[in-house]
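Single-structure report; data block below.
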Amino acid sequence: MAAEAPALIGSNGDSLREAFGKTLSALADEFPKVVVLDADIAGGTGVHHFRKSHPERLLQFGIAEQNMMAAAGGLAATGLIPVVTTFAVFCLRAIEQARLSLAYARRNAKIVASHPGLDVGPDGGSAQALEDIAAFRAIPGMTVISPADPIEMALATRAILEFDGPVYMRTGRSPAKRLFGDDHRFEIGKGQIIRDGSDATIVACGVEVGRALEAAERLAGESLSVRVVNMPTIKPIDSELLARCAAETGAVVTAEDHNIHGGLGGAVAEALAATHPAPIEFVGVKDVFGASGEPDELAEHFGIGAGHIAEAVRRVIARKTARP
């Protein structure tokens, strides 16, 4: 049953974790088979909203993520739709149970992880999951999603409940920029061109989508026309859209709040190698652990800010024009 731990965040409704928690609570009656599994951090993951509205459907596991992940497999076997919630870095300690009890068993369960990447900010490097996309992307049958703003998070929350299969979805700790309007659409496996351009394409996910748009705007002042693609589903990735963008712009930059290895950049490179190879530059954390600081300060320090994305675009355009 739900424990009465205090919410860690209050009225700020702009973070992705809050958008997720509010949406999950609002959809609970429409999806009566949904049960939420909590590792004693409902206030941090946003599911304190669900705990308040549907306390009889929130199961408290305490600090026992491996047990929680395995139990989700059993609950899914009975026909329920378990939603496992914890911080992204704690999901990594339960990767074996996620692999065996959920993906290998082909269970219809959802893992929703808050506090990913440098977005965690002052919590420091030990709490910043920079490897989670790579880890879950490598599990067969696991769908991996990283929405960009609260509107998209709400749409993605509904989509994963309607989807039949295991899903890993990132939320986020910090207030997120509102990028999309109420007419925004989300479909698992599909990306969207959210700013058109002809000189290069930036493919981004999560908090990096806003920074990609800022980079494109800066580059417009240098008479560079840059396309921005929002890629919320990292697996399965929208290979058709990527091939089209590579063919039309001839150069690609990826941007993610994640280790440079194994995340969105790797997925884009794999897709384009099989369809339309093009020069690619990768913006991400360069195989180091994070540190304590505010998210935007860390983005600048670790090279994933808008200026770094813009510089990567200049490099990739130079490589494109230098090709024989």
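Taking the numbering used here as reference, the numbering of the sequence shown is continuous, increasing by one, and the terminal residue is 346. Every residue, glycine too, gets a C-beta built ideally from N, C-alpha and C.
Rounded distance between the beta-carbons of residue j and residue i, thought under 8 Å
| i | j | result |
| --- | --- | --- |
| residue 188 | residue 163 | 6 Å |
| residue 226 | residue 181 | That belief does not hold up - the Cβ atoms of residue 226 and residue 181 are roughly 19 Å apart, past 8 Å. |
| residue 85 | residue 51 | Actually they do not touch by this definition, with Cβ atoms about 30 Å apart. |
| residue 143 | residue 152 | That belief does not hold up - the Cβ atoms of residue 143 and residue 152 are roughly 13 Å apart, past 8 Å. |
| residue 223 | residue 274 | 5 Å |
| residue 321 | residue 327 | 4 Å |
| residue 240 | residue 332 | 5 Å |
| residue 12 | residue 341 | Because the chain spans 23 through 346 in this model, residue 12 falls outside it and cannot be assessed. |
Residue i burial status per 10 Å Cβ neighbour count (16 or more: buried)
| i | result |
| --- | --- |
| residue 45 | buried |
| residue 242 | exposed |
| residue 8 | Residue 8 lies beyond the residue range present for the chain, which begins at 23 and ends at 346; the question has no answer from this structure. |
| residue 26 | Low confidence applies here, because residue 26 scores a pLDDT of 44, under 50, leaving its location unreliable and the question unanswered by this model. |
| residue 244 | exposed |
| residue 148 | exposed |
| residue 40 | buried |
| residue 95 | buried |
| residue 249 | buried |
| residue 60 | buried |
| residue 209 | exposed |
| residue 108 | buried |
| residue 238 | buried |
| residue 254 | buried |
| residue 33 | Reliability fails at residue 33, whose pLDDT of 39 lies under 50, so the model's placement of it is uncertain and no value is given. |
| residue 36 | exposed |
| residue 330 | buried |
C-alpha distance - residue i paired with residue j, whole-angstrom precision
| i | j | result |
| --- | --- | --- |
| residue 262 | residue 339 | 22 Å |
| residue 157 | residue 220 | 34 Å |
| residue 110 | residue 345 | 41 Å |
| residue 13 | residue 98 | No answer is possible for residue 13: the residues shown for the chain start at 23 and end at 346. |
| residue 291 | residue 91 | 31 Å |
| residue 414 | residue 211 | The structure shown has nothing for residue 414, since the chain only spans 23 to 346. |
| residue 173 | residue 66 | 19 Å |
| residue 260 | residue 230 | 18 Å |
| residue 319 | residue 285 | 22 Å |
| residue 134 | residue 200 | 20 Å |
| residue 165 | residue 175 | 15 Å |
| residue 120 | residue 217 | 36 Å |
| residue 154 | residue 102 | 25 Å |
| residue 171 | residue 198 | 6 Å |
| residue 270 | residue 288 | 21 Å |
| residue 183 | residue 308 | 34 Å |
| residue 146 | residue 281 | 15 Å |
| residue 234 | residue 100 | 43 Å |
| residue 252 | residue 169 | 9 Å |
| residue 161 | residue 54 | 28 Å |
| residue 78 | residue 57 | 9 Å |
| residue 42 | residue 70 | 11 Å |
Enclosing alpha helix (DSSP H) for residue i [first to last residue]
| i | result |
| --- | --- |
| residue 44 | 38–49 |
| residue 90 | 87–99 |
| residue 232 | 230–242 |
| residue 318 | 317–323 |
| residue 271 | 261–271 |
| residue 199 | No alpha helix (DSSP H) holds residue 199; DSSP gives it neither H nor E. |
| residue 302 | No alpha helix (DSSP H) holds residue 302; the beta strand (DSSP E) holding it covers 302–307. |
| residue 125 | Run containing residue 125: none; DSSP gives neither H nor E here. |
| residue 174 | 172–184 |
| residue 212 | First-last for residue 212: undefined, no H or E at that position. |
Residue i - partner residues in DSSP beta bridges
| i | result |
| --- | --- |
| residue 190 | 133, 166 |
| residue 58 | 80, 105 |
| residue 250 | 217, 224 |
| residue 276 | 225, 304 |
| residue 138 | 151 |
Boundaries (first-last residue) of the beta strand (DSSP E) holding residue i
| i | result |
| --- | --- |
| residue 107 | 103–109 |
| residue 145 | Per DSSP, residue 145 belongs to no beta strand (DSSP E) and is neither H nor E. |
| residue 256 | 255–257 |
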